Amino acid sequence: MNSTFTKILRIILGLGLLFFGMSKLINFSIMPTHIYTGDAAIFIDSLSSTGYILKVIGIFEIFIGVLLLINKWVSFALLLLAPITVNILLFHLFLDTPGLIVALIITILNVILIYKHWKVYKPLFH
Numbered sequence: 101m102n103s104t105f106t107k108i109l110r111i112i113l114g115l116g117l118l119f120f121g122m123s124k125l126i127n128f129s130i131m132p133t134h135i136y137t138g139d140a141a142i143f144i145d146s147l148s149s150t151g152y153i154l155k156v157i158g159i160f161e162i163f164i165g166v167l168l169l170i171n172k173w174v175s176f177a178l179l180l181l182a183p184i185t186v187n188i189l190l191f192h193l194f195l196d197t198p199g200l201i202v203a204l205i206i207t208i209l210n211v212i213l214i215y216k217h218w219k220v221y222k223p224l225f226h
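Listed below in structure tokens is the structure:
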């Protein structure tokens, strides 16, 4: 569970979540602003118009990112991240294919880390 490989993946995922979570809360980005079009724009506008859902997702991403970075409750953090990861992947798969690479990276990192911590989750399936 604590191999160098696992630590590196955990830190990369934690930093990514911290960055994406903060960008939802304070609207910063070092990358050029991605402009959504079509159904992706309608979906994001709907989430934004609620006034809270993107902020809640951002807070969850920051919380999970911090847990991963400080190596506390990692199994719990990965479990919290699973449904978020599925939604990120599906959003980019069906509505915004240019962002699919980042979604796949997040998914792969989450799946590998869950696999590395599988002993913790195994009792859930008995």
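Numbering-wise (our numbering), the sequence shown opens with residue 101 and increments by one.
Ideal Cβ placement from N, Cα and C applies to all residues, glycine included.
Just so you know, these numbers come straight off a predicted model, no measurement behind them.
(1) Would you call the stretch 112-121 and the stretch 206-226 in contact, with 3 or more CB pairs under 8 Å?
(2) For Thr-106 and His-217, I'd like the C-alpha separation in whole angstroms.
(3) Are the beta-carbon atoms belonging to Leu-189 and Ala-177 less than 8 Å from one another?
(4) When you compare only the Cα positions, how much space is there between Ile-108 and Ile-214?
(5) Express the C-alpha separation of Ser-175 and Ala-141 in angstroms, rounding to a whole number.
Well, looking at it:
(1) As far as the Cβ criterion goes, the stretch 112-121 touches the stretch 206-226, which means the pair count is three or higher.
(2) Against the sequence shown, residue 106 aligns to sequence position 6. Against the sequence shown, residue 217 aligns to sequence position 117. Thr-106 and His-217: Cα-Cα distance of roughly 10 Å.
(3) Counting from 1 along the sequence shown, the entry for residue 189 is found at position 89. Counting from 1 along the sequence shown, the entry for residue 177 is found at position 77. No, they are not a contact pair.
(4) Counting from 1 along the sequence shown, the entry for residue 108 is found at position 8. Counting from 1 along the sequence shown, the entry for residue 214 is found at position 114. Taking C-alpha positions only, Ile-108 is separated from Ile-214 by approximately 14 Å.
(5) By one-based count along the sequence shown, residue 141 stands at place 41. By one-based count along the sequence shown, residue 175 stands at place 75. Just so you know, the alpha carbons of Ala-141 and Ser-175 end up roughly 33 Å apart.
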